[in-house]
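So the sequence shown is numbered by the working numbering: it starts at -13 and just counts up by one. The C-beta atom is built at its ideal place from N, Cα and C for all residues, glycine as well.
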Amino acid sequence: MLTINKFFFSLIKSRINVGDNIIIGLKRLGIINLRDLLFYRPTSYQVKIISPNLSSLKNGQLIQAEVTIEEILIPKSKKQPLKILGSNETGAILLVFFNRPPYFLLNKLTIGSKHIVEGKVQIFSSLAQIAHPIFIFDKKLTSPLEPIYPLTYGIINKQLYSYIIKGLDLFEKEWCCIPESFQEVKDYTKSLLEDLKTLHLYQVKTKQLEELHTQALRRLAEKELFANQISLQYLRQQTKLKQGNSFAGSSQLQQAILKTLGFELTPDQKNVIEEIAKHQLSPTEMMCLLQGDVGSGKTLVALLTMVTVSYHKFQAALMAPTDLLANQHYQFFVKALSETGIRLGLLTGKISTKERNKVLSSLENGDIDILIGTHALFQEKVNFKNLGYIVIDEQHKFGVQQRLDLINKASHPDVLVMTATPIPRSLTLTMFGDMDISKLASKPKNRLPIITSISPKTKLNNVISVLDKKLKFGEKIYWICPLIDQNDEELTTQSKNTGLIDINTRLITIENAYPNITGTIHGKMKNEQKDMIMHQFKNGNIKILVATTVIEVGIDVPEATLIVIENAEQFGLAQLHQIRGRVGRGTLQSHCILLYDPQKLTMVAKSRFEVMRNSNDGFYIAEQDLLLRGSGEILGTKQSGEIRFFFADLARDLDLLTKANKLAEEGSKDISEFSLLQIKLFARVEFNELN
């Protein structure tokens, strides 16, 4: 068992003869060990003509042929190409190398020697030639089908494929060494080996490809999802075994806060608070995920569960993704807790050194009951006296390590993770299967559904005229643009190619129509500037706010009733829903206008628009987003790397996930050595919890 596990996680260089530059290139592809190499999926397959008639070749054909070297023409100057004439019984072909000829090949190429060459045919003066052909010295690489892999500079496809084939051969030798006494492991790894061979087209016949490949990929996905589910089941069990704190809620304190705010809880809020109260009362650690649709009142739930901890003289922390949102939470908490005596602190990146030191000292002395902040909370110098409860808002905005750093600041704290981006059930199972999950779907009373309409940018003037009607009634407006400006280094090429609108361009248009009441906010502004602009927007000095998606999360201005999203075809469904959620936060009827470029409108974008027009339900929208985009892009997980699978696709493999979840729940409550092998084999990161 240990031998096969050690094999998979052996460094490439320890088993395969590769140079240092290749190792660096493989690392850029995320390939560190043999497991990474064998699990590296091809994106497509290439068909080659094997042993063709050289005298009847056509332009563009990809061929593989064995030829005898007839002549080698070495160039007399750097400007001339290296030419090699090859032939067989069917005809002749010219092999040409331009610019930097591979002279190292000449040591292997002698007149009369036979070699297998591969490349794309070009016909010149009735003679077939291949520019920069590949010489194949390993006959295992002569299949009529070749997998095509994502590459990086310094590595060519044939080269990577040869390493994968060598890795598969090593795997087979390793499998043969597994003792018969480990029959379960032997059967599992044999099945894994055969499926990987099929995936990489190693010893697979052409006619069988499509059917065999589909079946192999499905079996690999099934293994991967089962490993995912048993790891999460185990973590869930371990959490329940850890001793935590027991906090009984104070309904009297909660009612006093609601009275101060003048709020009435929705049915969902009542249910969720009761669910969390049960977890807080339990003597074991709490690890909960709260999924809330936009405007469903997550912050109030967080507040009412945090004061339970304060009531028992423990500290609580709320971590927000931005200074803007942390400040908004702080102001809300100040108002809500004004009559309670609960002491608050704010810790963000922008506060002065003097103020920061004061907060840190008060925190360590126990003079702060609830601390609100950003990533600044998990810095080393931040020490709590007795931290008992952690709330992480917009969890996907933080990396795993950042969340763990904050959790490690306390001994067995209760943790509530919140997200305003509803997550499809399949992603919930794979990302948060170790947590208890609560949902907030219903909105506070008297809130009307947002009416969403769709308009081409050719009707821009008509859209601008709609602003008049809103402004007459004292309402406020967001206008969202995808870019900050046309000189943005990262976006200049994209904007020129796609005709995206930047906020500076749109600001001129709107300011001309509505001078003195238009402002702008974006991510490049200093925090002080953003705070000032948002304050002016809230108090009415600014009535039209032209912004980027910096306002996407959590900003709460009840008087804002219209949001225009420009170049809406550029955004995903979940992001459109999240941006739209900046309006509809009061009792007035709100509207959203999706302004699009007709020339850039794809079928997928049309489908997104229809979902937006027909639904305000974030959970339904999340499921549709998964179907339209795939699991890798939901919550930006392609960038964060938190849920990248080797083989599984949650939109495609939902039935396999459901099956894996059921099997994991029905399985043994104790982790076996075989289960540990499965978990580690498919884990993207080191699974330290099981070490």
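- Straight-line spacing of the CA atoms in alanine 646 and methionine 417 works out to 14 Å.
- Beyond the five residues adjoining it in sequence on each side, glutamate 271 comes within less than 7 Å, by CB distance, of Thr225, Lys228, Gly230, His398 and Asp400 in the same chain, given in chain order.
- In the three-state reduction of the DSSP assignment, leucine 581 falls in the strand class, which pools E and B.
- Out of Ser576, Lys516, Glu104 and Thr506, the CA that lies nearest to the CA of serine 439 is found in Ser576.
- By alpha-carbon distance to methionine 404, the top candidate from Leu304, Leu413, Glu104 and Ile55 is Leu304.
- When the Cα atoms are used, glutamine 223 and serine 268 turn out to be separated by approximately 15 Å.
- By the criterion of at least three beta-carbon pairs nearer than 8 Å, the region 583 to 591 is not in contact with the region 559 to 571.
- Under DSSP, threonine 644 forms no beta bridge with any residue.
- The C-beta separation of glutamate 52 from isoleucine 102 comes to about 5 Å, placing the pair in contact by the 8 Å criterion.
- Annotation for serine 441: Asn448, Val449, Ile579, Leu580, Leu581 and Tyr582 place their beta carbon closer than 8 Å to its own, counting only its chain and skipping 5 residues before and after.
- Leaving aside the five residues that flank glutamate 56 on each side, the residues in its chain whose CB is nearer than 6 Å to its CB run, in chain order, Leu71 and Ser73.
- Put simply, of Lys512, Lys245 and Asn93 the residue whose alpha carbon is nearest the alpha carbon of alanine 322 is Lys245.
- Relative to the Cα of alanine 288, the nearest Cα in the group Leu127, Lys144, Tyr375 and Lys516 belongs to Tyr375.
- Contact annotation, aspartate 542 with leucine 310: C-beta distance approximately 11 Å; criterion of less than 8 Å not satisfied.
- Of all C-beta pairs linking the region 518 to 537 to the region 499 to 508, three or more are shorter than 8 Å, placing the two stretches in contact.
- Cβ-Cβ separation between leucine 402 and valine 377: approximately 5 Å, consistent with a contact (criterion under 8 Å).
- Counting only the Cα atoms, phenylalanine -7 lies some 14 Å from lysine 172.
- Counting C-beta atoms within 10 angstroms of its own C-beta, alanine 554 has 16 or more neighbours from the protein chains shown and is therefore classed as buried.
- Around the beta-carbon of serine 167, fewer than 16 other beta-carbon atoms lie within 10 Å, marking it exposed.
- Assignment of phenylalanine 632 by DSSP, reduced to helix, strand and coil, places it in the coil class.
- Exposed is the label assigned to tyrosine 139, since fewer than 16 other Cβ atoms lie within 10 Å of its Cβ.
- DSSP places cysteine 274 in the uninterrupted beta strand (DSSP E) bounded by 273 to 278.
- Counting along the chain, asparagine 257 sits inside the alpha helix (DSSP H) bounded by residues 253 to 267.
- Taking a cut-off of 8 Å for Cβ pairs, the region 78 to 86 and the region 112 to 120 touch, as three or more such pairs fall below it.
- Classified as buried, isoleucine 243 has 16 or more neighbouring CB atoms from the shown chains inside 10 Å of its CB.
- Annotation for isoleucine 142: no alpha helix (DSSP H) segment contains it, and DSSP assigns it neither H nor E.
- About 7 Å separates the CB atoms of glycine 235 and glutamine 266; that is less than 8 Å, so the two are in contact.
- A direct Cα-to-Cα measurement between asparagine 313 and glycine 359 gives close to 8 Å.
- In this chain, the alpha helix (DSSP H) harbouring glutamine 314 covers 309 to 322.
- Counting only runs of 4+ residues, the alpha helix (DSSP H) found wholly inside the region 170 to 252 occupies 195 to 227 and 237 to 247, in chain order.
- Under DSSP, tryptophan 465 takes part in a beta bridge, and its partners are Val532 and Val550.
- Comparing alpha-carbon positions, the option among Lys512, Trp465, Glu514 and Leu667 lying closest to asparagine 490 turns out to be Trp465.
- By the criterion of at least three beta-carbon pairs nearer than 8 Å, the region 16 to 29 is not in contact with the region 88 to 102.
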